[in-house]
Amino acid sequence: MLKSSQRLKRICAAAQNFYTCQSKLISENSIKYTAAYFQVRGKKDDSSLSSLFIPVQIKPNPDDINVGAELTGSLNKADLLKVLNKFYTKKEIKQLLVENGLDNYLQHQAYVSFRRYCLEAQTLPVDLHVVISDILQGAGNETDIFPYFLRHAKQMFPHLDCMDDLRKISDLRTPANWYPQARAINRKIIFHAGPTNSGKTYHALERFITAKSGVYCGPLKLLASEIYNKTNDRGTPCDLVTGEERKYADPSGSASSHVSCTVEMTSVTNPYEVAIIDEIQMIKDPQRGWAWSRALLGLIAEEIHLCGETGTIDLVQQLCMTTGEDIEVRNYKRLTPLKIEDSALGSLDNVMPGDCIVCFSKNDIYSVSRGIEATGKEVAVIYGGLPPGTKLAQAAKFNDPDNSCKILVATDAIGMGLNLSIRRIIFYSLIKPVMNEKGEKEMDTISVSSALQIAGRAGRYGTEWEQGYVTTFKPEDLHTLKNLLSSDPEPITQAGLHPTADQIELYAYHLPNSTLSNLMDIFVSLSTVDDSLYFMCNIDDFKFLADMTQHVPLPLRARYVFCCAPINKKMPFVCTMFLKFARQYSKNEPITFDWLCRNIGWPLQPPKTIIDLVHLEAVFDVLDLYLWLSYRFMDLFNEPNLVRDMQHELDQIIQEGVVQLTRLLRNSETGISSGTTAADDEEFSINRQKQSYLRESKTSPLGRGRLTERLLAQGILTPNMLQELKKEWNKKGSSDTGDGDDEPKKPRRKRKT
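In the working numbering, the protein residues as written are 390 to 1142.
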């Protein structure tokens, strides 16, 4: 029996020596890896990076027989804790852990888990049990625990074994090499540089229309639609491709040699003779810049015509150096004169025919529109939340010389995408919400680029107003405007990049326990970008949708596609419907026309208040979302034609509401409503609720209080539910007896005598 026990001890000692040698080998190999890792990451905060890796919970896997206890006896938990604490406090152990990729944060996380594992497990692995037993008996050293601790840490943090692979996947220093087909041909790059209304896009389009094949890449659906119509009118068959729509020039549905598309939908696999990338300065956009970078680097075209501001020339030249391509710059000057007036407007009474007042908030749009109509003048209104059809209808109304509407109130949405006959641009304010480098919104003066783009809409060539004027509403803003318009556009120094679905799938393979939002965070933190040319686009909207759908069981690729959906996360109703779409998809249930009608409350009534109008705009966005998804998941979002018909009908309803904007504002103050829900303009909604609260009496009827409005706006209470509640309330009121108090009187207790 004694000989057998000694032999087992020798076997266990040999196993212990094996793990010790293995530990040293791992440590030696990892020194090179760790040094390289810290050199690559440079200034990045490694503790914050480590916090992104979510630990995997390690649970004991008890055997039927505790072999370790049979060999060496059971372990005293108190003594075991002392050994573990002594092991963790050794400097050489901490150094070895650093060399194996565990910084202080990961070391602490791993130690807490390892300690809990050792103390709570009924049965430890036999090799670990024997090593600890030897240490407790004085036959071993605390450092002998290291290989087992490292094994536990790598089970907790799988990235420790694949950091090299993760870094290679997120190496974004040479994006030009992602497009070998584009690099295989000799592309001619022509930059048409100039201000608004200089004819730069016109010259590029002339080449596009006469080419054998071509693609136009624009920033907006309206622009893509305009080029689609213009090209077909000129006799060149052209298709339209946007995120929500496909139109073919050929009635049979055959693809044409020319296509007009939004820049995100640009194909980098189809060859063309001529490509146009419009508004190339948007390559710097914090959210969408990656799409312009992808088009510029990846389009397979013999000629690529770039149209945009002069401030983008230097960046494009540097990008072309990375692709080995030459660039030809063609400069254009404004076709019509633009004069800055010496005085501000001062009052809405001073507006004149052909004026456009530009506001940077929807609240200002409402107040200015109402103020002008109070003077007896009719206004057209254009802002970003309106459907394309409504924008075009309002633009046509303003442009029509026979129409009584001669004044336009708009946001900076008029900066591109609409042909407008404007005599004078009036900046109601020069302050607007902007996105800073951290992805946070803050109020700031508009950029030189924005000021030039908007002011340039006055005095368009070929319209009745060929002399353009620009001024401000407030006298104190006029000096600032003059400084902005006398400056050159800010030079653009970086182009946007964004992780692709393929890259994130590779990350998910290595980190299977991470959420999509977590994978994106890790990718961005580990990414290596040539910051002299590129920046990583803001992914907050993507992560917002990823977090929202995390509890919905979706395949990774489908989840990624859903999170790319272009929705406004500030609109609760749109977010709610987005989540419902994802749930239906996860259950493999088709999102039918009937299902959609039930969930959006179709048919919808014409708006009676501003909050009704904003809700209808949100419903339009939901229908846009359906159409966007229908081109990516055709089997389940399978009734796009019916939804498109519904959208056209809704567009007409919204147009009717915009025409009667002043009446809607008046109704909003008096509390009239059609019962629709949700508002996306937070500032306007808050102001409206404050005013409503001040007006309300304590005996406000059901359906008129702050709580009711808030529940309706959040989509928690539907109009039908509100009607039922009113009926129940009325029934209760009619059945109550007594003096009409809400609560029945309690019976009096008899006084004891």
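We put the beta carbon where it would ideally sit given N, CA and C, even for glycine.
> In or out: ILE574 buried (at least 16 other Cβ within 10 Å) or exposed?
Replying inline: exposed
>> Could you tell me the alpha carbon to alpha carbon distance between THR1051 and VAL604, rounded to whole angstroms?
In response: 42 Å
> If you run the structure through DSSP and keep just helix, strand and coil, what is ASN455?
Replying inline: coil
> CB-CB under 6 Å to LEU611, same chain, minus the five flanking residues each way: which ones, in chain order?
Replying inline: PRO777, GLY806
>> Between LEU629 and ALA664, how many whole angstroms is the CB-CB distance? I'm expecting something under 8 Å.
In response: That belief does not hold up - the Cβ atoms of LEU629 and ALA664 are roughly 16 Å apart, past 8 Å.
> Which residues mark the beginning and the end of the beta strand (DSSP E) in which SER649 is found?
Replying inline: 647-651
>> Quick check: TYR1148 and ARG813, are their CB atoms within less than 8 Å of each other?
In response: For the chain, the structure presents residues 390 to 1142; residue 1148 sits outside this window and is missing.
> Does DSSP put PRO777 in a helix, in a strand, or in coil?
Replying inline: helix
> In terms of DSSP beta bridges, what is ALA664 paired with?
Replying inline: VAL604, ILE693
>> Taking the beta carbon of LYS1087 as the centre, do at least 16 other beta carbons fall within 10 Å, making it buried, or is it exposed?
In response: Low confidence applies here, because LYS1087 scores a pLDDT of 37, under 50, leaving its location unreliable and the question unanswered by this model.
>> If I follow the unbroken alpha helix (DSSP H) through CYS745, where does it start and stop?
In response: Where CYS745 is concerned, there is no enclosing alpha helix (DSSP H), although the beta strand (DSSP E) it sits in stretches over 744-747.
> When DSSP builds the beta bridges, which residues end up paired with ASP816?
Replying inline: Note on residue identity: the sequence assigns Phe, not Asp, to residue 816. Note: PHE816 sits in a beta bridge opposite VAL747, THR861.
>> Quick test of the definition: if touching needs 3 or more C-beta pairs under 8 Å, does the stretch 583-590 touch the stretch 841-857?
In response: yes
> Which runs of the alpha helix (DSSP H) fall wholly inside the stretch 834-884 and span at least 4 residues, in chain order?
Replying inline: 837-844, 867-874
> Is it the case that the Cβ atoms of LEU1053 and PRO961 are separated by a distance below 8 Å?
Replying inline: no
> Quick one: what does DSSP say ASN720 is sitting in, helix, strand or coil?
Replying inline: strand
> If you drop the 5 nearest sequence neighbours on each side, which residues of the same chain put their C-beta closer than 8 Å to that of ALA644?
Replying inline: ASP628, TYR637
> So which of VAL1003, THR725, ARG846 has the shortest CA-CA distance to GLU855?
Replying inline: THR725
> How close, in whole Å, do the beta carbons of LEU508 and LEU469 come, if the pair is a contact with beta carbons under 8 Å?
Replying inline: 7 Å
>> With a threshold of 8 Å on Cβ separation, who are the neighbours of ASN902 within its own chain once the five nearest residues in sequence on each side are excluded?
In response: ILE443, VAL445, PRO547
> How many Å lie between VAL1048 and ALA769 at the Cα?
Replying inline: 8 Å
>> Residues in the same chain with beta-carbon distance under 6 Å from ILE579, minus the five sequence neighbours each way, listed in chain order, please.
In response: HIS694, GLU717
>> I need the straight-line Cα distance from ILE729 to ALA847, nearest angstrom please.
In response: 11 Å
>> Can you look up PHE1026 in the DSSP assignment and give me helix, strand or coil?
In response: coil
>> At the level of alpha carbons, what is the spacing between VAL487 and ASN493?
In response: 8 Å
>> Since THR701 and GLN670 should fall inside the 8 Å C-beta cutoff, what is the C-beta to C-beta distance between them, to a whole number of angstroms?
In response: 5 Å
>> Given this structure, state the Cα-to-Cα distance separating ASP801 from SER732, to the nearest angstrom.
In response: 22 Å
> Could you give the C-beta distance for ALA690 and ARG576, rounded to a whole number, given that I count them as a contact under 8 Å?
Replying inline: 6 Å
> Beta-carbon separation of ILE815 and ASP744 under 8 Å?
Replying inline: yes
> Any idea what DSSP makes of SER1074, helix, strand or coil?
Replying inline: In this predicted model, SER1074 has a pLDDT of only 45, less than 50, meaning its place in the structure is not dependable enough to derive any value.
> Whose CA, out of SER502, PHE749, MET552, LEU797, lies closest to the CA of GLU831?
Replying inline: PHE749
>> For the stretch 948-965 against the stretch 998-1013, do three or more pairs of beta-carbon atoms, one drawn from each stretch, fall closer than 8 Å, so that the two count as touching?
In response: yes
> By how many angstroms is the C-alpha of VAL798 removed from the C-alpha of LYS766?
Replying inline: 12 Å
>> Quick check: what's the CA-CA separation for ARG719 versus ASP639?
In response: 35 Å
> Taking DSSP as the reference, what is the three-state secondary structure of PHE924?
Replying inline: strand
> Can you tell me whether MET741 is buried or exposed, with buried defined as 16 or more other CB within 10 angstroms of its CB?
Replying inline: exposed
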